[in-house]
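Worksheet: the structure to be examined is printed underneath.
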């Protein structure tokens with residue numbers, strides 16, 4: 003009864019008529035490990051010294067040429083509607099100003115907005131321009147992930163001031179311009195609801211300044227109940243990773259993150275009963291070490307057994323690496339998976355498009371000076387400018403779609 007009241011469903015996407023794939027990829031823009039390949043050995047030695055296990059420091063901040071390599075792979079694959087494969091890229095909107103934080107004695111958090119640059123030693127030149135290029139090419143769709151990725155600024159500062167072993171570990175990482183502690187310090191921990199609002203609002207404004215629009219989708223496994231509501235209040239229409247169905251077929255939540263808002267009972271396409279928002283789940287994992295056969299098997303199962311779209315999880319670490327061979331292997335696997343999906347006639351959507359189709363029966367995505375409008379349910383109430391369009395996918399001039407708020411009010 004509780005879940006019946008929590009979620010509602012509006013439209014169901016038939017996978018025989020519209021086989022769909024969404025590729026969600028997290029962690030873009032985050033400067034959390036090491037800025038240079040030359041520091042990987044030192045970083046790994048620090049982990050071993052403090053018994054923190056093995057890291058993945060060789061997977062660093064994305065570089066423009068890596069993004070372009072990824073774009074080329076995506077652009078070479080066309081879905082059933084003739085449009086290229088696309089990443090929904092969940093992006094962190096800030097990184098620590100390590101120099102300023104050290105100068106104030108770890109007493110005040112200072113950061114650098116992603117559109118204003120990157121921390122010292124982190125080579126971020128050209129990243130934002132390259133992301134904007136990907137958006138114009140129709141293969142890159144940024145959405146909101148965080149300000150400080152999986153790290154509460156207040157908890158981190160407390161750790162940096164601490165005399166504990168964890169505090170010493172944090173300071174040694176800090177000396178390398180690194181902040182990830184090998185476990186989550188939940189981003190919104192130690193912030194009340196008013197402070198969370200200011201925190202999220204600042205991140206959303208940065209997003210708009212960087213990418214020219216407000217985010218439509220958001221994700222983090224650090225979200226509290228109020229976090230999701232604040233996202234929605236600020237305009238988010240899709241909340242991702244409500245739960246996961248791993249490639250073996252089990253539906254799971256993260257047992258190591260009991261603070262978050264994941265729900266094992268939620269279904270892909272469930273809509274909030276109190277807000278104009280859709281919840282998405284991930285049901286395919288295309289991560290490091292996962293063979294393409296397992297990826298394709300999970301996608302086929304989603305279509306034939308569950309009659310639901312495939313939402314693929316694929317993090318930045320797969321495609322950005324100081325080791326050329328590892329990066330190439332990941333790119334090749336992506337290319338091979340997409341080749342098979344092309345043959346099967348899949349359509350590539352963004353997270354926001356999928357959420358809108360479940361919620362409203364139609365969706366739109368701006369690509370350059372055009373709008374890709376999808377009208378998959380004839381009975382759906384659509385904006386006036388699209389009322390006469392037949393069922394299917396349509397390109398419209400961007401000048402026709404001018405009033406975002408009016409469009410959302412019609413949902």
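In the numbering used here, the protein residues as written are 3 to 413. Glycine residues also receive a C-beta, built at the ideal position from the N, C-alpha and C atoms. Note that the coordinates shown come from a computational prediction; the quantities given were computed from them, not determined experimentally.
(request) Could you tell me which of 211, 182, 154 and 212 sits nearest to residue 194, measuring between CA atoms? (result) 154
(message) Quick check on the DSSP output: the beta strand (DSSP E) that includes residue 396 runs from which residue to which?
(response) 394 to 399
(message) Once the 5 residues before and after residue 134 are set aside, which same chain residues still bring their CB inside 6 Å of it?
(response) Cβ within range, chain order: n/a, list empty.
(message) Please state whether the Cβ-Cβ distance between residue 212 and residue 117 is less than 8 Å.
(response) Yes, they are a contact pair.
(message) Here's the rule I'm using: 16 or more other beta-carbon atoms within 10 Å means buried, otherwise exposed. How should residue 330 be labelled?
(response) Classification for residue 330: exposed.
(message) Starting from residue 145, trace the beta strand (DSSP E) in both directions and tell me its first and last residue.
(response) 142 to 148
(request) To the nearest angstrom, report how far apart residue 317 and residue 377 are at their CA atoms. (result) 30 Å
(request) Return the first residue and the last residue of the beta strand (DSSP E) that residue 25 is part of. (result) 22 to 30
(request) Use the C-beta contact count for residue 244: other C-beta atoms within 10 angstroms, 16 or more gives buried, fewer gives exposed. (result) buried
(message) Using C-beta distances below 6 Å, list every residue in its chain close to residue 314, excluding the 5 sequence neighbours before and after it, in chain order.
(response) 25, 286 and 288
(message) Restricting to runs no shorter than 3 residues, where is the beta strand (DSSP E) found entirely within the segment 280 to 349?
(response) 312 to 315
(request) Can you grab the Cα-Cα spacing for the pair residue 359 / residue 112, in whole Å? (result) Taken atom to atom, the span from the alpha-carbon of residue 359 to that of residue 112 is near 40 Å.
(request) Scan the segment 23 to 95 and note each continuous alpha helix (DSSP H) run of 4 residues or more that stays entirely inside, going in chain order. (result) 42 to 51 and 66 to 77
(request) Let me know the secondary structure DSSP gives residue 187 once reduced to three states. (result) strand
(message) Could you give the first and the last residue of the continuous beta strand (DSSP E) run that contains residue 367?
(response) 364 to 369
(message) Please report the distance separating the alpha-carbon of residue 32 from that of residue 95.
(response) 8 Å
(request) May I ask which residues mark the beginning and end of the beta strand (DSSP E) holding residue 115? (result) 113 to 115
(request) In angstroms with no decimal places, state the Cα-to-Cα distance between residue 79 and residue 355. (result) 19 Å
(message) Can you confirm whether the segment 305 to 314 touches the segment 71 to 86 when touching is taken to mean that 3 or more C-beta pairs between the two stretches lie within less than 8 Å?
(response) no
(message) Alpha carbons only, please: which of 367, 386 and 18 is nearest the one belonging to residue 217?
(response) 367
(request) Leaving aside the five residues before and after residue 74 along the sequence, list all residues of the same chain whose C-beta is less than 6 Å from its C-beta, in chain order. (result) none
(message) With a threshold of 7 Å on Cβ separation, who are the neighbours of residue 157 within its own chain once the five nearest residues in sequence on each side are excluded?
(response) Annotation for residue 157: 187, 191 and 192 place their beta carbon closer than 7 Å to its own, counting only its chain and skipping 5 residues before and after.
(message) To the nearest angstrom, how far is the alpha carbon of residue 291 from that of residue 365?
(response) 34 Å
(request) May I have the straight-line CA-CA distance separating residue 41 from residue 16, to the nearest angstrom? (result) 50 Å
(message) I want to know whether the segment 228 to 245 touches the segment 270 to 278 - three or more CB-CB distances under 8 Å.
(response) Yes, since at least three Cβ pairs between the segment 228 to 245 and the segment 270 to 278 fall closer than 8 Å, the two stretches touch.
(request) Count the CB pairs spanning the segment 94 to 108 and the segment 174 to 184 that are closer than 8 Å, and state whether there are at least three. (result) yes
(request) Taking all protein chains shown into account, decide if residue 254 is buried (16 or more other Cβ within 10 angstroms of its Cβ) or exposed. (result) exposed
(message) Does the segment 197 to 209 come into contact with the segment 122 to 136, if we say contact requires no fewer than three beta-carbon pairs (one atom in each stretch) closer than 8 Å?
(response) At 8 Å Cβ cutoff, the stretches do not touch.
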